[in-house]
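Q:
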Amino acid sequence: MTDETPTRKSRKSFFKRLWLLLPVLLTGLLLWTIWIMTRKFEDRIYNQEQLGQIPGKKVAIVFGAGYWPSGRLSDVLRDRLDAAAELYQAGKVSKLLLSGDNRVVDYNEPAKMREYLLQQGIPDNDLVLDFAGRRTYDTCYRARDIFQVDQAILVTQRYHMPRAMETCNRLGVEATGYVSDRTTYVHIRWYRVREIPALWKALLDLTILHPVPVLGDQLPIPD
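Heads up: the sequence shown begins at 22 in our numbering, then just goes up one per residue.
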C-alpha cells in the first residue's frame, strides 16, 4: 500500500476541520437569522398606530408584490400602496418610489401601482417609477445608484421588513420601516417560512456575490 501524498493529506485535513466547524457555522447562521428577523431593527420599524411618530423623509420606497391577470392587485401590494398613501397624506414623505417588475411587455407592476395611487389622490408628479425592481436587492441597489436615494422609509409587510431593512442599509440606504399589514393574508405562514432562505440568499448577495442588477442613467429624485 502506498502512502498518501501531502496534497491528499492536506485536503482530507481541510474537509475534516470544515466538518467539525459545520455545527458552529449553522448555529451562528441560525442566531443571526433570529436576530435580524426579531430584534435588529425593532426601534426603527413603525406600525399604523405609530404613524405620527415616524421621522419624515423625502422618499418612501414601495416594493412591488404582484397583480392578477385581471389587473386586480394582490392583497399584499394593495396594502403596501395604502400604507404609502398614508405616509404621503400625513406629510411624512414627499415622493413615493414605486419599484416592481416590468421585464415582459404585458406585465408592469410600477404602472399598476401608479394607477392605484392616482385613484387615491396622490399627485402624479410625486410618483417615481422603477421598472427594474425585480427583487428586494435590485430595488435597494437601484434606489441608491439610479435614483440617488440615501435615506428612505421602506413600505412593506412585517414578514418582509427585516430583509428589506438589512438589504437597503447594507447597500448604503439608511432605512426606516413602515409596516403595511392591513389584511389577514391567506398564505402568511408560507410567506414567513419563505423569508428564511430569502434572508440567507440576501446575505450571500451582500457579502460574497455582489450581483449587479439592471442599471442605466442616473435619475435623481427632485425635491
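The beta-carbon is built from N, C-alpha and C at its ideal position, and this holds for glycine as well.
From valine 233 to leucine 224, what does the alpha carbon distance come to, in whole angstroms?
A: Residue numbering aside, residue 233 sits at position 212 when the sequence shown is read from its first letter. Residue numbering aside, residue 224 sits at position 203 when the sequence shown is read from its first letter. Their Cα atoms are separated by approximately 15 Å.
Q: What residues match up with threonine 197 in a beta bridge as DSSP calls it?
A: If you number the sequence shown from 1, residue 197 lands on position 176. Paired residue(s): Ile174.
Q: By the 10 Å Cβ neighbour count, where 16 or more other Cβ atoms means buried, how is aspartate 64 classified, buried or exposed?
A: Along the sequence shown, one-based indexing puts residue 64 at 43. Classification of aspartate 64: exposed, given that the 10 Å Cβ count is below 16.
Q: Would threonine 204 be called buried (16 or more neighbouring beta carbons within 10 Å of its own) or exposed?
A: Indexing the sequence shown from 1 puts residue 204 at position 183. Exposed: under 16 other Cβ atoms inside 10 Å.
Q: Is the Cβ-Cβ distance between glutamate 130 and leucine 98 less than 9 Å?
A: In the sequence shown, counting from the first residue as 1, residue 130 sits at position 109. In the sequence shown, counting from the first residue as 1, residue 98 sits at position 77. Yes, the pair counts as a contact, with Cβ atoms nearer than the cut-off.
Q: What is the C-beta distance between leucine 192 and isoleucine 82, in whole angstroms, given that I count them as a contact (C-beta under 8 Å)?
A: Stepping through the sequence shown from its first residue, residue 192 is reached at position 171. Stepping through the sequence shown from its first residue, residue 82 is reached at position 61. 12 Å between Cβ atoms; not a contact.
Q: For tyrosine 180, does the three-state DSSP call read helix, strand or coil?
A: The residue labelled residue 180 in the question sits at position 159 within the sequence shown. The answer is coil: DSSP assigns tyrosine 180 none of H, G, I, E or B.
Q: Below 9 Å between beta carbons: does that hold for tyrosine 109 and aspartate 151?
A: As a first step, residue 109 is located in the sequence shown; it is residue number 88 there, counting from the start. As a first step, residue 151 is located in the sequence shown; it is residue number 130 there, counting from the start. No, the pair does not count as a contact, with Cβ atoms beyond the cut-off.
Q: Please confirm whether tyrosine 246 and threonine 197 have their CB atoms less than 9 Å apart.
A: Given a span of 22 to 244 for the chain in the structure shown, any question on residue 246 remains unanswerable.
Q: Considering alanine 111, what are the terminal residues of the alpha helix (DSSP H) in which it resides?
A: Position 90 of the sequence shown, counted from the start, is the residue given in the question as residue 111. Unbroken run through alanine 111: none, as it is neither H nor E.
Q: What's the C-alpha gap between tyrosine 206 and arginine 215?
A: Residue numbering aside, residue 206 sits at position 185 when the sequence shown is read from its first letter. Residue numbering aside, residue 215 sits at position 194 when the sequence shown is read from its first letter. Between tyrosine 206 and arginine 215, the C-alpha separation is close to 14 Å.
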